[in-house]
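Q:
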Amino acid sequence: MRTILTALIFWGASLAHASSEQVRAEAWLQLIDNGAYQESWEQSARYFQQQIASDDWNAMIRQARALMGLVETRTLVSSENHTRFPGAPEGDYLVFVYNTAFQNKADAVETVAFVKNDGDWKAVGYYIR
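Residue 413 in our numbering is what sits at position 23 of the sequence shown, and the numbering runs on without skipping anything.
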């Protein structure tokens, strides 16, 4: 019982240190993890939506995730603020990098980028390597 309580306290403390932006990024990734590809597209930034049609996004991410399999673990490695993002206009960007273990690829790196539009952070890029 004491071990469970200690684990819950540690887990709660680690959540308290997560930024609201990190929580938002991980919620967006969770949509993809759950196969809610259309919803992930709808919750992305307008710029993202202009770069890839929803049908193309759904097909591309479905294929990529089918190859990778389910997520087993995901650990945040870094988060950085930028004013530029490749191929995108200047703005406020946050880039999160995760070490992710998928069923079929144990050593993947996921990168998700968010842009701030009208005070709201939205996904603008997602990459797996």
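We treat Cβ as the ideally placed atom computed from N, Cα and C, and that holds for glycine.
Which first and last residues belong to the alpha helix (DSSP H) in which D423 is found?
A: In the sequence shown, the residue the question calls residue 423 occupies position 33. Element bounds for D423: 410-423.
Q: What are the complete beta strand (DSSP E) segments, minimum 3 residues, inside the stretch 474-498?
A: The qualifying runs are 483-492.
Q: Please identify the residue among Y437, M458, E416, Y427 whose C-alpha is closest to the C-alpha of D445.
A: Here residue 445 refers to the residue found at position 55 of the sequence shown. The shortest Cα separation from D445 among Y437, M458, E416, Y427 belongs to Y427.
Q: Measuring alpha carbon to alpha carbon, tell me which of M450, Q453, E462 ends up nearest Q550.
A: Residue 550 is absent from the model: the chain starts at 391 and stops at 519.
Q: For A417 versus M458, is the C-beta spacing smaller than 8 Å?
A: Locating residue 417 in the sequence shown gives position 27, where the first residue counts as 1. Locating residue 458 in the sequence shown gives position 68, where the first residue counts as 1. Going by C-beta atoms, A417 is not nearer than 8 Å to M458.
Q: Kindly indicate the opening and closing residues of the beta strand (DSSP E) around I451.
A: As a position in the sequence shown, residue 451 is number 61, starting the count at 1. Unbroken run through I451 is the alpha helix (DSSP H), 444-458; no beta strand (DSSP E).
Q: If you reduce the DSSP assignment to three classes, tell me which class R519 lands in.
A: Translated into the one-based positions of the sequence shown, residue 519 becomes position 129. R519: coil per DSSP, three-state reduction.
Q: Exposed or buried, which one is L484 when buried takes at least 16 other CB atoms within 10 Å?
A: For the purposes of this step, residue 484 is taken as residue 94 along the sequence shown, with counting starting at 1. Label assigned to L484: buried.
Q: Does the beta-carbon distance from A435 to N507 come in below 8 Å?
A: Along the sequence shown, one-based indexing puts residue 435 at 45. Along the sequence shown, one-based indexing puts residue 507 at 117. Contact: yes.
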